[in-house]
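**Student:** If you read the sequence shown in full-length UniProt numbering, its first letter stands for residue 1, the second for the next number, and so on.
Just so you know, even glycine gets a beta-carbon here, dropped at the ideal spot from N, CA and C.
Since we're looking at a predicted model, the values are computed, not measured.
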Amino acid sequence: MSLESVPPKYAQLVTELQRRIEAGQYAPGSAMPSEHQLIDEFGVSRPTVVAALRVLRDQGWIDSRQGKGRFVRGRPALASLENARAGQVRLAGSEAAVPGEVLAAGVVDASNRVRTLLGLDSSGKAFLRRRLLTADDAPSELLSLWLPLDLAEGTDLTSGTPLEQGVREHLESRKGVVLDHVIEHIVARMPTGEEARVLAMHKGTPVLVVYATARDAAGRPLLVVDTVMPADLHELEDAYPLA
């Protein structure tokens, strides 16, 4: 499922670069503008540009050639059906490219749902990194990253400073793990008092919660990202081919 809301800067850049490729402004086989050129033209940070180019590469719009740069492939055959999933977006994007603040980073007792999703031992302890994301200077999403204690150890996730890298890239480079796939669960419920306060929600408004569990190729859960969103600010959409 994909989340329709005010997109972060790197997602806006992805949309514009896709538009240029479709319009022929960047023709198939031609070199993409360099990172520095995109930074200067769009007035964004390097992490924003890197995150956007990574999404375009993963979706098949461009490819990278060692020592030569990035080149246009063109519009993928199923591009109109390939919406980025919530977990994919949150794992790939640089924290520094998304407005918000780090609310917590430390060891806590995980909820029963997170314990089950992560397969935690009887202690139920997990590392939590929680961020409040904003859009138009207003609270938009409450994003919580849950990790087993050994996976969080030795990473920059324990810092209160936004990561310049995406979470996936950071963990794969620091811990040597490989995130293979994501399983998402979506629930609707009323917010807790703390969620309602932090998100400045109107009384009686429910929330949508997306639990995205990233696993390795063997199916072992590595981390959980849960995103709490006021239901009056977001909607869910999915697109898929008919075989």
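(1) Is it the case that the region 155 to 175 contacts the region 184 to 197, given that we only count it when at least three CB pairs across the two stretches are under 8 Å?
(2) If you draw a straight line from the C-alpha of ALA104 to the C-alpha of GLY24, how long is it?
(3) Can you tell me whether ASP137 is buried or exposed, with buried defined as 16 or more other CB within 10 angstroms of its CB?
(4) Among residues of its own chain, excluding the 5 on either side of TRP61, which ones have a beta-carbon nearer than 8 Å to its beta-carbon?
(5) Below 8 Å between beta carbons: does that hold for VAL162 and ALA214?
(6) Counting only the same chain and skipping the five closest in sequence on each side, list residues whose C-beta sits under 7 Å from that of GLU41.
(7) Just grab the DSSP bridge partners of VAL167 for me.
(8) Please classify GLU141 as buried or exposed, where buried requires at least 16 neighbouring CB atoms within 10 angstroms.
(9) Can you find at least 3 beta carbon pairs, one from the region 207 to 221 and one from the region 121 to 131, that sit closer than 8 Å?
(10) Taking LYS68 as part of the alpha helix (DSSP H), name the residues at either end of that continuous run.
(11) Taking its Cβ as the centre, do 16 or more other Cβ atoms sit within 10 Å of ARG65, making it buried, or is it exposed?
(12) Does DSSP classify PRO221 as helix, strand or coil?
(13) Report the option in LEU13, HIS170, LEU56 whose CA atom is closest to the CA atom of GLY43.
(14) Tell me, which residues are paired with GLU101 by DSSP?
(15) Helix, strand or coil for ARG75? Go by DSSP, reduced to three states.
(16) Answer with buried or exposed for VAL107, where buried requires no fewer than 16 other C-beta atoms within 10 angstroms of its C-beta.
(17) In the structure shown, what three-state DSSP assignment does TYR26 receive?
(18) Can you have a look at ARG197 and say buried or exposed, based on whether 16 or more other CB atoms are within 10 angstroms of its CB?
**Tutor:** This is what the structure gives:
(1) Because the criterion of three Cβ pairs below 8 Å is not met, the region 184 to 197 and the region 155 to 175 do not touch.
(2) Cα to Cα, the separation comes out at about 45 Å.
(3) It is exposed - the Cβ of ASP137 has fewer than 16 other Cβ atoms within 10 Å.
(4) Exclusion of the five residues before and after TRP61 leaves LEU17, GLN18, ILE21, VAL72, ARG73, GLY74, ARG75, PRO76, ALA79 as the residues of its chain whose Cβ lies within less than 8 Å of its Cβ.
(5) Residue 162 is actually Pro in this sequence, not Val. For PRO162 and ALA214, no; Cβs fall outside 8 Å.
(6) Within the same chain, GLU41 has no close Cβ partners at all.
(7) Partner(s): none; VAL167 has no beta bridge.
(8) In summary, GLU141 is buried, with 16 or more beta-carbon neighbours lying within 10 Å of its beta-carbon over all protein chains present.
(9) In the pairwise beta carbon analysis, the region 207 to 221 is classified as not touching the region 121 to 131: fewer than three pairs are separated by under 8 Å.
(10) Neither: LYS68 is in no alpha helix (DSSP H) and is coded neither H nor E.
(11) Exposed, since its Cβ has fewer than 16 Cβ neighbours within 10 Å.
(12) Here PRO221 carries a strand assignment [DSSP, helix/strand/coil].
(13) It is LEU13.
(14) The partner list for GLU101 (beta bridge, DSSP) reads LEU132.
(15) In the structure shown, the three-state DSSP call for ARG75 is coil.
(16) So VAL107 counts as exposed.
(17) Secondary structure at TYR26: coil, using DSSP grouped into helix, strand and coil.
(18) Answer is exposed; the Cβ neighbour count stays below 16.
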